[in-house]
Amino acid sequence: MTNIRSYRLSVLGFPGNPNGTNNLGFLDQRLAVEWVRDNIENFGGDPSRITLFGQSAGAVSVDAYSYAWASDPIAAGFIPESGTVFSWGLPNSKAIAAKAWYNVTATLGCGNASSDAATVLSCMQKQNYTAILNAVPSYSGTSSILGAFGPTVDEIVVFSNYSQRTPAKVPMLVGNNNYEGGLFRTEFALEGLFFPDAFWTDFNLQEFTCPAGIRANASVSAGNPTWRYRYFGVFPDLAISSEAGTWHAAELPILFDTVPATPGPTQAEISIANYMRGAWAAFAKDPKNGLSNYGWPTYNTSRDTLIRLAYDNITGPNIINPYKYDADCVFFNVSSTNSSNAPQLPDLGANVTPTSSSAAPTGSSTGTGTATGMGATATTSKSAGRRVEVGGWVGLGAIVFAGLL
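Given below as structure tokens:
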């Protein structure tokens with residue numbers, strides 16, 4: 578589960594040292610996948626059916642993996658939930674990462690950018706992990722979601738031009754929740770920090786909906802079997818506040834069957850959970866055909882192929898054209914987290930309803946906005962004061978399914 582303070586841990590996997598190896602967390606993940614490939618048969622698994630599955634930061638991690646090892650992915654399927662390489666204005670530039678590194682080294686008395694690099698590193702290697710974590714500065718507002726440490730461009734495993742790159746030739750199930758910001762909105766409220774509804778509308782689009790659409794398009798463009806979902810479930814036993822809706826990570830208790838025993842799940846919740854676990858298992862068992870056999874259409878922006886799950890808390894897929902939710906993505910540049918003064922979002926997809934027609938709604942193409950380079954100027958429709966620069970690295974780590982299902 579996401580914790581708003583977990584950005585502190587990211588310093589251990591993404592230290593930002595300009596004179597050392599960065600993105601250690603991603604390198605560790607690759608080693609873990611190689612270990613699974615080499616050993617899973619000893620546990621009854623199938624090394625040809627490894628699926629990488631992550632949520633939030635874990636989803637970004639899975640997606641970054643799909644680009645870093647595009648020519649040798651090992652995995653047979655990817656499931657990034659509520660996070661992609663196009664999310665959060667990631668990755669960090671080398672300059673931003675180095676600034677964060679030297680902020681911590683200076684706090685610990687290990688030197689700064691003007692100090693001998695080897696001496697700084699040697700000093701840091703002598704620190705215990707609690708001292709390092711305590712040296713990471715605290716952040717407030719949306720900046721507290723990610724913090725200063727995270728994936729850093731090295732052009733080896735983390736790239737500056739994902740929109741120009743081709744991911745691994747591997748099937749993908751990608752998606753997000755209907756109101757991801759509900760988690761953060763609730764956490765901020767507990768700290769006495771409030772943003773208007775319009776802020777959270779923008780937040781949900783820029784950080785989750787639009788990146789999911791962009792990534793689904795990239796997967797289709799690469800010729801990969803692709804499915805895209807949007808989860809809507811709202812249940813009393815999982816409610817974290819009256820305004821949280823289908824909050825960030827709300828689907829995890831459903832998928833992992835960890836809903837609270839008290840007051841317990843509703844019958845609709847149990848039915849939906851069984852259906853969703855069946856879908857995820859179908860993909861893991863057969864990434865190329867499993868979901869098609871489960872009754873899901875492969876993703877196509879010109880057709881009703883966005884799978885709405887738990888829509889109106891009803892079991893089964895409720896299918897609609899993705900333009901319904903992606904239409905306003907044309908106002909966003911997900912590669913930037915800059916503020917912009919612009920009018921209220923028009924909700925261009927408001928009138929889209931499920932249809933038997935295969936034609937795209939008038940005026941739509943991919944409907945998923947743009948993904949350009951680091952530091953790009955935002956083309957958003959955010960009112961003044963509604964956007965705060967964000968940074969951070971939170972979420973459920975990647976999980977490996979290896980044909981055990």
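Sequential numbering from 578 applies to the sequence shown in our numbering.
Beta carbons: idealized from backbone N, C-alpha and C, even for Gly.
Bear in mind that the values here come from a model prediction, so they are computed numbers and not experimental data.
Out of the options, point me to the one whose CA is closest to residue i's CA.
{"i": "Ala821", "options": "Asn754, Cys906, Tyr739, Gly769", "result": "Asn754"}
{"i": "Asp523", "options": "Thr786, Glu784, Pro788, Gly759", "result": "With the chain covering 578 to 982 only, the question about residue 523 has no answer from this structure."}
{"i": "Ala647", "options": "Gly855, Tyr706, Ala799", "result": "Ala799"}
{"i": "Trp777", "options": "Glu757, Gly769, Gly790", "result": "Glu757"}
{"i": "Pro657", "options": "Ala672, Ile651, Asp640", "result": "Asp640"}
{"i": "Pro650", "options": "Pro624, Leu832, Gly660", "result": "Pro624"}
{"i": "Trp873", "options": "Thr803, Thr835, Gly810, Pro923", "result": "Thr803"}
{"i": "Lys862", "options": "Leu750, Val610, Ala645", "result": "Leu750"}
{"i": "Asp889", "options": "Gln783, Val613, Thr823", "result": "Thr823"}
{"i": "Gly635", "options": "Arg626, Gly660, Asp615, Arg614", "result": "Gly660"}
{"i": "Thr684", "options": "Asn600, Ser699, Ala708, Ser670", "result": "Ala708"}
{"i": "Gly810", "options": "Pro894, Ser879, Gly790", "result": "Pro894"}
{"i": "Val929", "options": "Pro923, Ile897, Phe909, Ala856", "result": "Ile897"}
{"i": "Thr743", "options": "Ala793, Leu922, Asn680", "result": "Ala793"}
{"i": "Ala816", "options": "Ala827, Leu832, Tyr808", "result": "Ala827"}
{"i": "Gly841", "options": "Pro813, Trp857, Pro899", "result": "Pro813"}
{"i": "Thr682", "options": "Met701, Gly666, Ala672", "result": "Met701"}
{"i": "Leu589", "options": "Ala677, Ser633, Thr628", "result": "Ala677"}
{"i": "Pro728", "options": "Pro748, Gly602, Ile791", "result": "Gly602"}
{"i": "Gly666", "options": "Ala695, Ala725, Thr696", "result": "Ala725"}
{"i": "Ile791", "options": "Phe663, Gly926, Arg885", "result": "Phe663"}
{"i": "Asn877", "options": "Arg807, Val907, Trp857, Val797", "result": "Val797"}
{"i": "Asn910", "options": "Pro788, Ser692, Leu832", "result": "Pro788"}
{"i": "Cys906", "options": "Val610, Leu782, Leu886, Lys671", "result": "Leu782"}
{"i": "Phe771", "options": "Tyr806, Asn866, Ser717", "result": "Ser717"}
{"i": "Ala652", "options": "Thr892, Lys865, Arg880", "result": "Lys865"}
{"i": "Ser638", "options": "Thr719, Tyr808, Asn600, Pro595", "result": "Asn600"}
Taking the alpha helix (DSSP H) that residue i falls in, what are its first and last residues?
{"i": "Val1044", "result": "Past the edges of the chain, shown from 578 to 982, lies residue 1044, and the structure says nothing about it."}
{"i": "Asn851", "result": "844-862"}
{"i": "Gln606", "result": "601-616"}
{"i": "Leu760", "result": "758-767"}
{"i": "Asn870", "result": "867-870"}
{"i": "Ser648", "result": "Taken as a continuous stretch (DSSP letters only), Ser648 belongs to no alpha helix (DSSP H), as it is neither H nor E."}
Assign residue i to one of two classes, buried (16 or more other C-beta atoms within 10 Å of its C-beta) or exposed (fewer than that).
{"i": "Leu608", "result": "exposed"}
{"i": "Lys901", "result": "buried"}
{"i": "Asn689", "result": "exposed"}
{"i": "Thr939", "result": "Unreliable positioning characterises Thr939 in this predicted model, as indicated by a pLDDT of 41, which lies under 50. The coordinate reading is nonetheless provided below. Flag for Thr939 reads exposed."}
{"i": "Asn801", "result": "buried"}
{"i": "Glu846", "result": "buried"}
{"i": "Ser934", "result": "Residue placement at Ser934 is poorly supported in this model, since its pLDDT is 48, which falls under 50; the coordinates still yield a value, given next. Result: exposed."}
{"i": "Thr932", "result": "exposed"}
{"i": "Leu767", "result": "exposed"}
{"i": "Ile733", "result": "exposed"}
{"i": "Thr839", "result": "exposed"}
{"i": "Phe620", "result": "exposed"}
{"i": "Asp924", "result": "exposed"}
{"i": "Trp612", "result": "exposed"}
{"i": "Gly686", "result": "exposed"}
{"i": "Thr943", "result": "With a pLDDT of only 43 at Thr943, under 50, the local geometry of the prediction cannot be trusted, and no value is derived from it."}
{"i": "Ser912", "result": "buried"}
{"i": "Thr786", "result": "buried"}
{"i": "Gly927", "result": "Strictly speaking, residue 927 in this sequence is Ala, with Gly absent from that position. Exposed, by the Cβ-count rule."}
{"i": "Ala887", "result": "buried"}
{"i": "Pro837", "result": "exposed"}
{"i": "Tyr706", "result": "exposed"}
{"i": "Gly855", "result": "exposed"}
{"i": "Gln844", "result": "exposed"}
By the three-class DSSP mapping on this structure, what secondary structure does residue i have?
{"i": "Tyr806", "result": "strand"}
{"i": "Leu770", "result": "coil"}
{"i": "Ser633", "result": "strand"}
{"i": "Val734", "result": "coil"}
{"i": "Asn669", "result": "strand"}
{"i": "Val662", "result": "coil"}
{"i": "Val588", "result": "helix"}
{"i": "Val639", "result": "helix"}
Between which two residues does the beta strand (DSSP E) containing residue i stretch?
{"i": "Gly654", "result": "654-658"}
With a cut-off of 8 Å, does the C-beta of residue i fall near any C-beta of chain B?
{"i": "Arg854", "result": "Protein chain content of the structure displayed is limited to a single chain, and chain B is not contained in it."}
- Entirely enclosed alpha helix (DSSP H) segments - the region 681-720, minimum 4 residues: 694-702, 706-712
- Message: If we require 3 or more residues per run, which beta strand (DSSP E) segments fall completely within the region 874-924?
- Response: 883-886, 894-897
- Can you list, in chain order, the stretches of the beta strand (DSSP E) that have 3 or more residues and sit fully within the region 775-845? 803-808
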